[in-house]
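If you want our numbering, it's the 1-based position in the sequence shown plus 32.
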Amino acid sequence: MRNLTMDQLIDRAKAQTVACQHCGAKVGEPCVRTDYRTSERTPVENFPAHHSRLKRADRIETLTAQAECEHLSWSGDEGPIAELGRMPLRWKCDECGLVEWRNA
Ligand SMILES: [Zn+2]
Ligand SMILES: [Zn+2]
33 MRNLTMDQLI DRAKAQTVAC QHCGAKVGEP CVRTDYRTSE RTPVENFPAH
83 HSRLKRADRI ETLTAQAECE HLSWSGDEGP IAELGRMPLR WKCDECGLVE
133 WRNA
């Protein structure tokens, strides 16, 4: 077994925040390869994760980074809750004006 570099370990941790569509590994589980003779599944050791999984994790990380700012003060952007009769889905950052949809 070859030891992964620090960068690869970080990549692996990042990749494991999403499921792998290549090998079917779930969130939090390492990528696996299937032995074509015994169909035994073993975690991959020589590389952090399947390339497509890493790319997807990267993309999601970028999206999340864009969707959030460091400010903590947000207001509902759809009018007063009393008028809406529900929690707003669209929120606006009080400080930088960033708008974000939240369904919780
Ligand atoms: Zn995989
Ligand atoms: Zn902000």
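Even for Gly, the Cβ is constructed at its ideal location relative to N, Cα and C. Fair warning: this is a prediction, and the values are worked out from it, not measured in the lab.
Where Ser107 falls: helix, strand or coil (DSSP)
Working through the sequence shown from its first residue, we reach residue 107 at position 75. The answer is strand: DSSP assigns Ser107 an E or B state.
Any contact between the segment 37 to 52 and the segment 77 to 86? By contact I mean 3 or more CB pairs, one from each, below 8 Å.
A contact exists between the segment 37 to 52 and the segment 77 to 86.
Alpha carbon of Glu127 to alpha carbon of Asn135, nearest angstrom
Within the sequence shown, the letter at position 95 stands for residue 127. Within the sequence shown, the letter at position 103 stands for residue 135. Near 21 Å, if we compare the C-alpha coordinates of Asn135 and Glu127.
Taking only the alpha-carbon atoms, compute the straight-line gap between Cys125 and Ile113 and give it to the nearest angstrom.
Reading the sequence shown from its first residue, position 93 is the one you call residue 125. Reading the sequence shown from its first residue, position 81 is the one you call residue 113. Going from the Cα of Cys125 to the Cα of Ile113 covers about 17 Å.
Burial state of Ala57 (16 or more Cβ within 10 Å):
Position 25 of the sequence shown holds residue 57. Buried, since its Cβ has 16 or more Cβ neighbours within 10 Å.
Between Arg118 and Glu110, is the Cβ-Cβ spacing less than 7 Å?
Locating residue 118 in the sequence shown gives position 86, counting from the first residue. Locating residue 110 in the sequence shown gives position 78, counting from the first residue. No, the pair does not count as a contact, with Cβ atoms beyond the cut-off.
Quick one: what does DSSP say Thr94 is sitting in, helix, strand or coil?
Start at 1 with the first residue of the sequence shown, and residue 94 comes out as number 62. Assignment of Thr94 by DSSP, reduced to helix, strand and coil, places it in the helix class.
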